[in-house]
Amino acid sequence: MAEQKSKVKSQGVLALDLSTAVRKLGNIIERLLARFVSGKVVTLDISSAGVSIMETRGGTIRRWADASFESEEAAPAGGKGESDLGAIVRRLMRSSGIKASKVIISISGLYTISRFIPTSGLPPAPTLDESVNEIARDIIPVPRDTVYFFWQALNTAEGGSHVFTTGVPRDVIDDKVRALKAAGISTQAIELKTMALARAVGKKEALILNIELTNFDIVILSNGVPEIIHSLAWRPDSMGTEDATEYLAAQLDMIVEHYNAGRVGRPFDMSAPLYITGQLSVKPELMEGLKSRLEFNIEPLASPLGCPVFLPVSQYAANIGLAMRKEMSMRDVSGNSGAGSSTLSVNLLPHAYQPWRPTLKQIYSVIIIIAAVALVFPLWQLTTEEMKKTSALQMKDVALNAQLVKKKAEIERRDPLQKAIDEYHSIIVRDKSFTDDIKVIVQEAAKLGVEVSSISHGGKNINISCQAADYISFRDYLTALEASGRFATPIPPPEGYPYTTSGPIMLTTQTSK
């Protein structure tokens, strides 16, 4: 039975189609990658009144602490304590046991200007970046050199496309980053507190009221996107609990009415939860007053991360949202890439403070270059070898040409000598032949009793004059000369032949033919 079950299981694995196998493999890799990158994360929630610090590891909150600027002896009178921010964070780390050289921080949206703009409302431009920067001049009524400007494209659940833009005063970011850097702490990312709160809530439709000692924030989430972000400064210490409750409730009602006015036909769902967070969310009198005054569905915030039951989740909601921030090493989350996404995650850390990190395009380019080099290198190596062989052949050809030129020069130098030798040889040969010819002429004449009176040798022809005793002897003499084989035949006879006994005879030598 066990053998049969094993066989069935094996068949089930083998029967997986390619897409299912790839999906399962992707899930395994994703789990391994999540385990690999889920290291320690330290977050700082910085407000004008104090700092909250939290350490998470593997999706679980490990340590947390907070401090007020006013309670710190080093804090300047009437100041926000930003000049001593690094020292305060170091004290908190020592007292809480948190150790980190890199942190993710959130800042208040009190002095920022944020807008959600449908892409259909953007001015025409060659690129989305140019279009957004064009409309930013109208959105931000201050000089651009005094603010950092960021944006991110968003795809809504209905299939629409919006662009979130925000401008943050430069001194707000610069002071915090430099103060932490002076304390040896590097800033990995900066985010608006309202964005971190929206991530910590993790709801499609919700209302968030974040109450701090010096300001409060109201956020309306629609389809998981914080479409309304409202931040105001206030002084709750100058008013009673009842007045503070009424003021906050009035602001909530006004923001919701403003939201509904711009969305006729789909107003805010009053059954959606209202989450109250921030430092004053743990103040019992204020919370009781809000519950009795507001008509919204107030729900306690549950931490999406593992945490002890005694952790004041609402007070550390911004830290929790920062810890949940998805930071992938291969993704540019600065918001300036123009690529649309469904989650809002704008990194407000200016590029001047960001460590260099290769983009996906740069990595692809390097991979393509390496692949091209790997493919071209064998061809280049082969070409180099052939070029070396060609160069060697060219050098050999040059050497052979040089030898050929020398041989030609030597031959040209030897030509006159060879001609002289040939002429001398021909003279010798001709003289010997002439001697032999004369010898034959004289000997044949002596045999037949013919008297030769004169012999002249012209090189090719020999002219002789002779006298015989009778015409028979003369005729036999011509026949003997022809039979000797030294002269061309027939020999032209003189006039009166065959009955003449004398006359001139012209012989043509065989070598001259």
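For what it's worth, the working numbering labels the leading residue of the sequence shown as 2, then goes sequentially. Cβ coordinates follow ideal geometry from the N, Cα and C atoms, glycine included.
Backbone CA spacing between residue i and residue j [nearest angstrom]
i	j	result
D218	G279	9 Å
A470	V443	16 Å
Y365	F378	20 Å
Y354	L181	12 Å
I114	E192	14 Å
Y260	F269	7 Å
Y276	V367	47 Å
T509	H458	10 Å
P124	E135	7 Å
M325	S49	23 Å
S466	E413	48 Å
G87	S187	11 Å
V156	P227	With the sequence shown as reference, residue 156 is identified as Asn, and Val is not the correct amino acid for it. About 13 Å.
S485	P493	15 Å
G79	W235	Residue placement at G79 is poorly supported in this model, since its pLDDT is 36, which falls under 50; the coordinates still yield a value, given next. Their Cα atoms are separated by approximately 16 Å.
F311	A154	39 Å
S223	N298	16 Å
A481	E445	7 Å
T167	A375	46 Å
L345	G203	12 Å
V441	F435	10 Å
F475	G497	11 Å
With 16 other Cβ atoms within 10 Å as the buried cut-off, status of residue i
i	result
G98	exposed
P499	exposed
Y149	buried
G185	exposed
M196	buried
L198	buried
G266	exposed
T147	exposed
F151	buried
S102	exposed
D416	exposed
A207	buried
A190	buried
W65	buried
V133	buried
A75	With a pLDDT of only 39 at A75, under 50, the local geometry of the prediction cannot be trusted, and no value is derived from it.
I369	exposed
N216	buried
G110	buried
Reduced DSSP secondary structure (H/G/I, E/B, other) of residue i
i	result
Y112	coil
Q153	strand
A50	coil
T502	coil
P124	coil
R58	strand
R236	coil
F165	strand
R63	strand
N348	coil
V283	helix
G307	strand
E496	coil
V451	coil
K420	helix
Q511	helix
V538	Given a span of 2 to 514 for the chain in the structure shown, any question on residue 538 remains unanswerable.
Y317	coil
S270	Ser is not the amino acid found at residue 270; the sequence shown has Asp there. If DSSP states are grouped into helix, strand and coil, D270 belongs with coil.
Q363	helix
Q468	strand
T436	helix
V226	strand
P379	helix
F117	strand
V143	coil
Cβ distance (whole Å) where residue i is taken to contact residue j below 8 Å
i	j	result
N464	P505	6 Å
K194	D46	7 Å
L210	L253	6 Å
S107	A319	5 Å
V451	Y472	Actually they are not in contact, since the Cβ atoms of V451 and Y472 sit about 12 Å apart, beyond 8 Å.
I140	R116	5 Å
F488	Q468	No, F488 and Q468 are not in contact; Cβ-Cβ is about 20 Å, not under 8 Å.
V283	S239	About 20 Å; that fails the 8 Å criterion.
inquiry  = So, does the segment 160–173 touch the segment 104–124, judging by three or more C-beta pairs under 8 Å?
reply    = By the Cβ rule, the segment 160–173 counts as touching the segment 104–124, because three or more pairs are nearer than 8 Å.
key: Touch test, the segment 275–294 against the segment 240–252, Cβ-Cβ under 8 Å, three pairs minimum   = Cβ pair count under 8 Å is three or more, so yes.
inquiry  = Measuring CB atoms only, is the segment 87–96 touching the segment 49–58, in the sense that at least three cross pairs come out at less than 8 Å?
reply    = A contact between stretches requires three or more CB pairs, one per stretch, nearer than 8 Å, and the segment 87–96 meets this requirement with the segment 49–58.
message = Assess contact between the segment 344–355 and the segment 167–176, defined as three or more Cβ pairs (one per stretch) separated by less than 8 Å. Is contact present?
response = Counting Cβ pairs under 8 Å, three or more are found: they touch.
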